[in-house]
Structure formats: C-alpha cells, structure tokens
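Number of protein chains: 2
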Amino acid sequence: MSVLISGSIALDHVKTPHDEHENLLGGSASYAAIAASFFSPVNLVGIVGHDFPQPHIDLFKSRSVDLGGVEFSDGATFRWSGEYFTDMNTRETLDVALNVLEAWQPVIPEAFKSSRVVLLANAHPENQHAVLDQVGDAPLFTIADTMDLWITIARDRLLALLKRVDLLVINDSEAKQLMDTTNLIAAGRRLCEMGPTYVIIKKGEHGALLFGPHRFFASPAYPLHQVYDPTGAGDSFVGSIAGYLCGLGKDTFAFDDLANAVARGTIIAGYTCESFSTHRLEKLSPDEFETRLGEFRDFTRFA
Amino acid sequence: MSVLISGSIALDHVKTPHDEHENLLGGSASYAAIAASFFSPVNLVGIVGHDFPQPHIDLFKSRSVDLGGVEFSDGATFRWSGEYFTDMNTRETLDVALNVLEAWQPVIPEAFKSSRVVLLANAHPENQHAVLDQVGDAPLFTIADTMDLWITIARDRLLALLKRVDLLVINDSEAKQLMDTTNLIAAGRRLCEMGPTYVIIKKGEHGALLFGPHRFFASPAYPLHQVYDPTGAGDSFVGSIAGYLCGLGKDTFAFDDLANAVARGTIIAGYTCESFSTHRLEKLSPDEFETRLGEFRDFTRFA
Numbered sequence: 001m002s003v004l005i006s007g008s009i010a011l012d013h014v015k016t017p018h019d020e021h022e023n024l025l026g027g028s029a030s031y032a033a034i035a036a037s038f039f040s041p042v043n044l045v046g047i048v049g050h051d052f053p054q055p056h057i058d059l060f061k062s063r064s065v066d067l068g069g070v071e072f073s074d075g076a077t078f079r080w081s082g083e084y085f086t087d088m089n090t091r092e093t094l095d096v097a098l099n100v101l102e103a104w105q106p107v108i109p110e111a112f113k114s115s116r117v118v119l120l121a122n123a124h125p126e127n128q129h130a131v132l133d134q135v136g137d138a139p140l141f142t143i144a145d146t147m148d149l150w151i152t153i154a155r156d157r158l159l160a161l162l163k164r165v166d167l168l169v170i171n172d173s174e175a176k177q178l179m180d181t182t183n184l185i186a187a188g189r190r191l192c193e194m195g196p197t198y199v200i201i202k203k204g205e206h207g208a209l210l211f212g213p214h215r216f217f218a219s220p221a222y223p224l225h226q227v228y229d230p231t232g233a234g235d236s237f238v239g240s241i242a243g244y245l246c247g248l249g250k251d252t253f254a255f256d257d258l259a260n261a262v263a264r265g266t267i268i269a270g271y272t273c274e275s276f277s278t279h280r281l282e283k284l285s286p287d288e289f290e291t292r293l294g295e296f297r298d299f300t301r302f303a
Numbered sequence: 304m305s306v307l308i309s310g311s312i313a314l315d316h317v318k319t320p321h322d323e324h325e326n327l328l329g330g331s332a333s334y335a336a337i338a339a340s341f342f343s344p345v346n347l348v349g350i351v352g353h354d355f356p357q358p359h360i361d362l363f364k365s366r367s368v369d370l371g372g373v374e375f376s377d378g379a380t381f382r383w384s385g386e387y388f389t390d391m392n393t394r395e396t397l398d399v400a401l402n403v404l405e406a407w408q409p410v411i412p413e414a415f416k417s418s419r420v421v422l423l424a425n426a427h428p429e430n431q432h433a434v435l436d437q438v439g440d441a442p443l444f445t446i447a448d449t450m451d452l453w454i455t456i457a458r459d460r461l462l463a464l465l466k467r468v469d470l471l472v473i474n475d476s477e478a479k480q481l482m483d484t485t486n487l488i489a490a491g492r493r494l495c496e497m498g499p500t501y502v503i504i505k506k507g508e509h510g511a512l513l514f515g516p517h518r519f520f521a522s523p524a525y526p527l528h529q530v531y532d533p534t535g536a537g538d539s540f541v542g543s544i545a546g547y548l549c550g551l552g553k554d555t556f557a558f559d560d561l562a563n564a565v566a567r568g569t570i571i572a573g574y575t576c577e578s579f580s581t582h583r584l585e586k587l588s589p590d591e592f593e594t595r596l597g598e599f600r601d602f603t604r605f606a
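Protein chains in written order, with my numbering: chain Y, 1 to 303; chain B, 304 to 606.
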C-alpha cells in the first residue's frame, strides 16, 4: 500500500528578499515524498551523491520513506540555486549543476514494483518512461508532473508519456505552451485528449483546475498573507495527491477522489510556502492539517 | 426594494481577433444595471447624449431599469474604443471621448433616495461621493467599484470613499497598487482596515476573493473555453452582487450572503464574456442561469 515516487533529489541554495539558505533538501521527489508521507508510506526512487547530508537521510527515514530505490553515488548531488524577488512570484535560477543526475538511469527494486500508485515527479521524460517500463501494468494509478524545459527539449517524449499515465499535473504557463492556446480551460480539455484520464493545471497563488471525463473541479489556493519560500510547493502538491490517493486504499479512483486529493494538496502546498525547504512540513501535525482543511472547506462554500 | 446604480453609460467600439462592433451599449453602470436586473428592479443614474440609440433605451426599459436618474443631454455620449489581442487577457484602449461625462454632476431623484442597496459603479470618486452625499444614511448597504486611473489621479478622494462604503470591489492589480503590496491576501486584509466591512478582489479568469470580518471566501471563475469579449465582465459581476443582495429583501447582510452574491456574480460575468456588450445577458433565461449555478456548485465541491 505504498506510493512510488521517482524524480530528483537536490541540494538547494535559495535566496529570498528576507533570508538565504544553503544545502537545503530540495528536488521534485524529495518534496513529493515528504508531502506524500502524510498520507501513505513512500517508496523513493532517485540518486544522491557523497555530499548528501545525513540529516536529510534521517528525515526521510523518520517519515516512512523507504530509500531502497535511492542510488548512493560517489559523485556530487544535483544542486539548484535560485533567487526570489520582492513579489515572491518571480524567481531566477542562478545555477544548476546536474552532477549525478546527468547519467542517472532509474532502477526500481523488485519490492517497489507492486506500489499501488506511481508518481513520476518532475524529471526528464526519458527517466519517467524508464520507471513506467519497469513497473509495467502493476500500478493502479500513474501520475506525471513535468516542467517547461522538457516541453522545449523533449516534447515528443513528453507527448508519448501522456499516453501512458492516468493523471498529468502541469502548471498554467506550461499547459498553454504545450497545447498552444492562451485559454486554460481549452488547454486542460485538449490535454485530456492527449492521453491522461485526468489533468490538473497548477496556478500557484490562484489555485488549481482538475479536468476529467465530463467533470471539472476548481480549487483556490490556501490564502497566505506572506510567502517565505514557494520552492517545492508544486512538488509537494502533487506528492500529496499521490499519497492521498494511495492512502485511500481503493481499487479504483473516482473524480471525487481526485477533487478531494487536490484540496489536500492545496493545504500541504500552502504549508510548504511558509518556510524554506520542507521545514514547515516536518513540524506539521495532523491536527494542524485537519484544522486548515476544515477552514478551507469554509473558504470555498456557498449556497 | 430597488438597487440604485450610478456610473458611466457609454457607446463602445470593440475589436477582438474574431470580430468588431460599434455603438455597443457599454459603460460601468450599463453592464451593472443589466446584470442587476436579473435579481432586482434597478434605479439607474447616469448621463447620455443625443446620439444614444433608442434600442439601448428600450433594452433598459424592458428589464425594469428605471431611467429617472439618467440625464439626457444635448452633447455626445461618452465613447470608449478598445482592442483585445490573441489571448483576450490583454487589451489596449484605442480612444476615450468623455463628452457629456466630463462635466456630469449626478442628481439623484427623490424617488431613488430610498433605494435599499446603492452601487457606485466605476466612475470618478467625486461622482461617487456626490451620489452618497445625496442618499445620506438611507441605504442598507453601499458598494463601490473603481479602476487604476482613479488610484493614480484621485487617490485621496478614493481613500476617503473607502470610509463611506460597506463593500469595495477592486481588481487584483489595483488592490496591489493601492495597498503597495504584491500579496493579494495582504492587500485584501489591509483594504478592509481602510474602511469597508467587506472587500472583493476580482481576478478575471482566476475568480474572486471576498474578505470580511474574520471570514474569507474564494471563488474560481466559471470555466469558459472561449472568451468572445470580456468587456464589462467586472461591471456585470458587481452589478449582480448589488442586485442579488437587494433582491434578498433582508434588513442586514451576513458574510454568507456576500459569498452567495459572489457566486451569482461569477455566473453572470461568465455569460457576459460569451458575446459582445450585454448581448448574451439579454438572452439569458432563469433556467439557464440556475443550471449553470448548479454546475458551479459541483465544480467547487470537495469532501
């Protein structure tokens, strides 16, 4: 009853107008795994280098994240460095060092191949295909996240991936770019026609849209009057969705399950923005989560 | 039991990538009045010139819009001309001729002074103050809309207006501009501290946020896969809110009434975008409206 999460594990250097931190736990799979661990045990697939700090490893282990699919390499861990400006909505990537990620070939342990839900967190589409090749038809539900870089340099492989997953998660500008339209609703519907049964378009501070067969769901973001570091908000959003679905313990998922998952992901993504890296998530209690989920229901209800 | 709506009545010339029309019924008060008329009789306050087409007058009359507060001047009607580009989210104002609007001093007929709800649709803050001066303490609830131009050229008078109204409706970029912050949640809360009990921030395709005493509500936009002409969407949104509240026939309004009003305004604003001017609203049936409102509930529900 575990969720398999593959993707990048990084050491981040993040600068905001208020603060700056180095060697932070980062990467799509790291955020997704910590988020998913609120709802389900996690089987993590990725690669780190000799410089990966022990406290990050201890954090994963403390949250029932099985590292059996993480390759510990002699090289250096993937590093990302970025800066946010006054409005926290624009960021600049200052430096990217792929390091061990460059030649990485994901290898799925046998014990991981029975994972019920598989999340292909943001990574090169070739790596995402490689994971699907190894798990075969075993998973109940497969999810892929992506980013603008892959639309630009690996469009055909990304389009091929869409035919192999049940849910695509993509942000608003990427959805418009991939479907060549300026209308998000049209983009979501067209993406559904490209293969996935469900499509979620992430809109940051404006929430998310879920498209499915003859159904639609729109969620606002959780209202935050101050954002400390939005890095990983999208990754923890999709990680929560994968973990929540897996934790339901169902044999099939209905549209309403997906909508409920989006609401959970929205709450977790909001918490992610309240501190650097996964720091706020690490301290998040089930009671705090449930309280905010209840508030969120209230924030969106009308008669 | 009527809603008083004051503001501009215009003749618009609108160009989109698909089509172009002249002498369209436009202006903040026109859109707001047609929208409000779905929910309540309307007392309209504005000014038109000798060139104002009879069919537009007939339209108002057919929708229980009382024109007793509309001055029919010998001059030329206020004219606005604008063009939308491919993405329908950016527009350029090509020409503005204030004409009769330039020297207009709103005069509220005695019979209008007992209107239960007053909407000061987008206009110069001096005109909005002038309406409030004449209605005094009679209205149950007062609402003001505004635009970036007034923040720039009449900021002090706009800030003074905030202390006199129950609800401010403002769009996202204007809210950030007026409160000098890049965080919309912070902007909404600060605007509430400037005077109004309630603040609604309009976000176009991303919906709207409602702030009130210790309460918050977020609504997505109604999903449209094609936008034909978004002119007046914001005006019809706020007109619907005013009309809906008035139509409730209550002596006081609670936060939930405001949230329900936002949902109605969202539906009407969506219909406004489906054709030029108020053309789609003119053909909108109560059944169509209720069907879409029901869909909208479904689009935003989670467990």
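For every residue, glycine included, the Cβ atom is placed at its ideal position computed from N, Cα and C.
C-beta neighbour in chain B for residue 207 of chain Y, strict 8 Å: So yes, residue 207 of chain Y belongs to the interface.
Contact under 8 Å by Cβ, residue 243 of chain Y with residue 3 of chain Y: Yes, the Cβ-Cβ distance between residue 243 of chain Y and residue 3 of chain Y is below 8 Å.
Length-filtered (4 minimum) alpha helix (DSSP H) runs lying within the region 186–265 of chain Y: Under the rule that a run must span 4 or more residues, the alpha helix (DSSP H) segments found entirely inside the region 186–265 of chain Y read 233–248.
Through-space distance from residue 95 of chain Y to residue 490 of chain B, alpha-carbon basis: C-alpha separation (whole angstroms): 33 Å.
Cut-off 7 Å between Cβ atoms - residues of its own chain near residue 368 of chain B, not counting five sequence neighbours on either side: Excluding sequence positions up to five before and after residue 368 of chain B, its CB lies within less than 7 Å of the CB of 336, 340, 345 and 347, all in the same chain and listed in chain order.
Chain Y contact residues for residue 519 of chain B, given Cβ-Cβ distances below 7 Å: Under the 7 Å cutoff, chain Y gives 223 and 299.
Cβ shell of residue 100 of chain Y (< 6 Å), same chain only, five flanking positions each side left out: Closer than 6 Å at the Cβ level, and outside the excluded window around residue 100 of chain Y, lie 47, 49, 73 and 75.
For residue 532 of chain B, the nearest candidate out of B/356, B/428, B/579 and B/602 (CA to CA): Answer by Cα proximity: B/579.
Short-range partners of chain Y found in the region 485–516 of chain B, where Cβ spacing is below 8 Å: Cβ contacts with chain Y come from 485, 486, 487, 488, 489, 492, 506, 508, 509, 510 and 512.
Interface flag, residue 482 of chain B vs chain Y, CB-CB below 8 Å: So, not an interface residue.
Residue 218 of chain Y, buried or exposed, once every other Cβ within 10 Å from all chains shown has been counted against 16: With 16 or more Cβ atoms within 10 Å of its Cβ, residue 218 of chain Y is classed as buried.
Sub-8 Å separation of residue 457 of chain B and residue 432 of chain B beta-carbons: Not closer than 8 Å, so no.
Touching by the beta-carbon criterion (3+ pairs, under 8 Å), the region 569–586 of chain B and the region 327–334 of chain B: Yes, the region 569–586 of chain B touches the region 327–334 of chain B.
First through last residue of the alpha helix (DSSP H) which encompasses residue 291 of chain Y: From DSSP, the alpha helix (DSSP H) with residue 291 of chain Y extends over 286–299.
Through-space distance from residue 356 of chain B to residue 207 of chain Y, alpha-carbon basis: Answer to the nearest angstrom: the Cα atoms are 43 Å apart.
In DSSP terms, what residue 445 of chain B is bridged to: Beta-bridge partners of residue 445 of chain B (DSSP): B/421.
Segment limits, beta strand (DSSP E) that includes residue 93 of chain Y: Counting along the chain, the beta strand (DSSP E) containing residue 93 of chain Y begins and ends at 91–97.
Cβ of residue 530 of chain B within 8 Å of any chain Y Cβ: Answer yes: the Cβ-Cβ gap between residue 530 of chain B and chain Y drops below 8 Å somewhere.
Residue-level contact to chain B via CB, residue 88 of chain Y, 8 Å cutoff: The Cβ of residue 88 of chain Y sits closer than 8 Å to at least one Cβ of chain B.
Residue 184 of chain Y versus residue 216 of chain Y - alpha carbon distance: Taking the straight line joining both Cα atoms gives about 13 Å.
Beta-carbon proximity list for residue 338 of chain B, same chain, < 6 Å, skipping 5 on both sides: Correct list, in chain order: 539, 542, 543 and 571.
Contacts that residue 220 of chain Y makes with chain B (C-beta to C-beta distance below 8 Å): Listed along chain B are 510, 512, 521, 522 and 523, each with a C-beta nearer than 8 Å to that of residue 220 of chain Y.
Terminal residues of the alpha helix (DSSP H) in which residue 173 of chain Y lies: Where residue 173 of chain Y is concerned, the enclosing alpha helix (DSSP H) stretches over 172–179.
Proximal residues of chain Y, C-beta to C-beta of residue 562 of chain B below 7 Å: Residues of chain Y passing the Cβ test: 302.
For residue 196 of chain Y and residue 167 of chain Y, believed in contact at Cβ under 8 Å, the rounded distance: Indeed they touch by this definition, with Cβ atoms about 6 Å apart.
One or two residues paired with residue 346 of chain B in a DSSP bridge: Beta-bridge analysis with DSSP links residue 346 of chain B to B/307 and B/369.
Residue-chain proximity (residue 478 of chain B, chain Y), Cβ-Cβ < 8 Å: It does not; no Cβ of chain Y falls within 8 Å.
Three-way DSSP call (helix, strand, coil) for residue 329 of chain B in this model: Three-state result, residue 329 of chain B: strand.
Test item: CB-CB of residue 559 of chain B and residue 551 of chain B under 8 Å: For residue 559 of chain B and residue 551 of chain B, no; Cβs fall outside 8 Å.
Proximity test, Cβ basis, 8 Å: residue 256 of chain Y and chain B: The C-beta of residue 256 of chain Y comes closer than 8 Å to at least one C-beta of chain B.
Where residue 341 of chain B sits in the DSSP three-state scheme: For residue 341 of chain B, the three-state secondary structure derived from DSSP is coil.
Closer than 8 Å to chain B by CB, residue 305 of chain Y: In the structure as shown, chain Y starts at 1 and stops at 303, and residue 305 of chain Y therefore has no counterpart that could be examined.
Per-residue burial, residue 79 of chain Y [other beta carbons within 10 Å of its own, 16 or more giving buried]: It counts as buried.
Cβ distance (whole Å) where residue 102 of chain Y is taken to contact residue 91 of chain Y below 8 Å: The Cβ separation is near 23 Å, so there is no contact.
Environment of residue 149 of chain Y [buried if 16+ CB atoms lie within 10 Å]: Exposed.
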